[in-house]
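Asks:
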Amino acid sequence: MNDKRRNKLPLSVINTLADDILNLSDEELLQEVQDEFDDVASVISSARNAINSAILKSNKSRLSDAKEQLEQKRKGTNQNNILTLTLNDKRALIHQAKESVHSLTLAARNEEEMSESDINGVLQDLVDLGVIDENGNIK
Amino acid sequence: MHKVNQVLKMDSDYLSREELDAAIKGLSDVDVLRLKKIALQYTGNHDMEAEELLGEAVLRTLSGGRKTCPRDLPIVNFLAGVISSITEYERKKKRNSGDVVNIDDCELNDSGNTPEDDVLEKQLFKQLESFFDEDEEILLLLLYLNDGFSPPEIQHEEGWSETQYNTIRRRMRRKWNSHNIQELTS
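Chains A and B, in that order, are what the protein sequence lines are.
Heads up, the final residue of the first sequence is numbered 139 in the working numbering, and it's a clean run with no missing numbers.
Heads up, the final residue of the second sequence is numbered 1186 in the working numbering, and it's a clean run with no missing numbers.
(1) In the DSSP output, which residue or residues are listed as bridge partners for residue 1014 of chain B?
(2) Less than 8 Å between the C-beta atoms of residue 1139 of chain B and residue 1147 of chain B, yes or no?
(3) Could you tell me the alpha carbon to alpha carbon distance between residue 1095 of chain B and residue 1119 of chain B, rounded to whole angstroms?
(4) At a CB-CB cut-off below 9 Å, which residues of chain E make contact with residue 48 of chain A?
(5) Note down, in chain order, each residue of its chain lying with its Cβ closer than 8 Å to the Cβ of residue 97 of chain A, except the 5 sequence neighbours on either side.
(6) Hey, residue 1023 of chain B and residue 1015 of chain B are a contact pair by Cβ (cut 8 Å); roughly how many whole angstroms apart?
(7) Can you pull the DSSP bridge partners for residue 132 of chain A?
(8) How would you call residue 50 of chain A, buried or exposed, if buried means at least 16 neighbouring beta carbons within 10 angstroms?
(9) Taking just the CA atoms, how far does residue 1064 of chain B sit from residue 1010 of chain B?
(10) Measure the alpha-carbon distance for residue 1141 of chain B versus residue 1154 of chain B and round it to whole angstroms.
(11) Which value, in whole angstroms, describes the spacing of the CA atoms of residue 1122 of chain B and residue 1073 of chain B?
(12) The alpha helix (DSSP H) that contains residue 1133 of chain B, what's its start and end?
(13) For a test of the three-state rule: what should DSSP assign to residue 1109 of chain B, helix, strand or coil?
(14) Can you grab the Cα-Cα spacing for the pair residue 1164 of chain B / residue 1137 of chain B, in whole Å?
(15) In whole angstroms, give me the CA-to-CA distance for residue 1036 of chain B and residue 73 of chain A.
(16) Run through DSSP, which three-state label would residue 1049 of chain B get?
(17) Tell me the rounded alpha-carbon separation between residue 1042 of chain B and residue 1012 of chain B.
(18) Between the beta-carbon of residue 1222 of chain B and the beta-carbon of residue 1061 of chain B, is there less than 8 Å?
(19) Return no unless some Cβ of chain A is closer than 8 Å to the Cβ of residue 1087 of chain B.
(20) Run through DSSP, which three-state label would residue 1063 of chain B get?
(21) Since residue 1166 of chain B contacts residue 23 of chain A with CB under 8 Å, what's their CB separation in whole angstroms?
(22) Would you say residue 30 of chain A lies against chain B (beta-carbon separation less than 8 Å)?
(23) So the alpha helix (DSSP H) residue 1150 of chain B belongs to, where does it begin and stop?
(24) Closer than 8 Å, CB to CB, is residue 57 of chain A near chain B or not?
(25) Return the residue from the list B/1160, B/1124 and B/1068 that minimises the CA-CA distance to residue 12 of chain A.
(26) Looking at residue 1059 of chain B: is its Cβ nearer than 8 Å to the Cβ of residue 58 of chain A?
(27) Using the beta-carbon count (16 or more within 10 Å), is residue 8 of chain A buried or exposed?
Here it is in structure tokens:
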């Protein structure tokens, strides 16, 4: 049988015909297939290849999603490390970063006058800029 | 497809992702052949070939949410339902991609069809009625399908037993497929 038959049928009719195929006994199905295809083993093999490729694609996609979630979780955990420092330690860290990187210009130069929210924002910026790592170590 | 219409159930009534994976990997040769024949039946309504359609059905099944395949439904029947859904979607997408009608611009009827869908369906039914004009029972079956009747409703309306209905349906499939094969090989 040619795979490229181009019969145009209303969907309700195709669904009805598909139901008939589902209703065939195994023996009836095998008989039909043998009448329609010259090489049944090849038909099985190519259909299985299509199924296995889809399984593989799905597994790869799941693995990629899992990696991304893990990365997000790791980032979240690491961000928490720096944000759980005491306010004084955070201020000290910003001061240390300014001292060690002379080219660094901070919008708020005096960390003593900054609110904790501002400090958290600056720390996050320093992490994003690569000045300090997620654990608060100067790079 | 009437066989895959299920009432919403609890999560535990559905196969988990791992169970789905195992069920698909465990398909027998007969299962695979059955799915191939079903996929072949649906090709012709969009650009996807039978194996592409089968692969897409497996991919969508494995990528689905928690409530995918009910435990009491054979995986082959479930995948057949997914193939049907993909076909419906692809067919509408194909029509939408043409310059004639934009589905977004059309008002949908109760069945989710656009007026364009309905016109095309009617045309296809007319062609089928012409093809089967010597078989009164198949013509009746087509009339009911065109009006959206379910198999039990058709059997009730015509007083057909399930066996009679199945026999007419099989005759329709074999005549139609035989005609298509001859057309392709001639």
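Don't be surprised by glycine CBs; every beta carbon is placed ideally from N, CA and C.
Replies: Short version:
(1) B/1070
(2) no
(3) 12 Å
(4) The chain labelled as chain E is not found among the protein chains of the depicted structure, namely A and B.
(5) 104, 126, 131, 132 and 138
(6) 6 Å
(7) A/138
(8) buried
(9) 16 Å
(10) 7 Å
(11) 32 Å
(12) That residue, residue 1133 of chain B, is in no alpha helix (DSSP H); it is neither H nor E in DSSP.
(13) Bear in mind that the predicted position of residue 1109 of chain B carries a pLDDT of just 47, short of 50, making it unreliable; the figure below should be weighed with that in mind. Residue 1109 of chain B falls in the coil class under three-state DSSP.
(14) 10 Å
(15) 42 Å
(16) coil
(17) 31 Å
(18) Outside the displayed span of chain B (1001 to 1186) sits residue 1222 of chain B, for which this structure offers no information.
(19) yes
(20) coil
(21) 6 Å
(22) yes
(23) No alpha helix (DSSP H) holds residue 1150 of chain B; DSSP gives it neither H nor E.
(24) yes
(25) B/1124
(26) yes
(27) exposed
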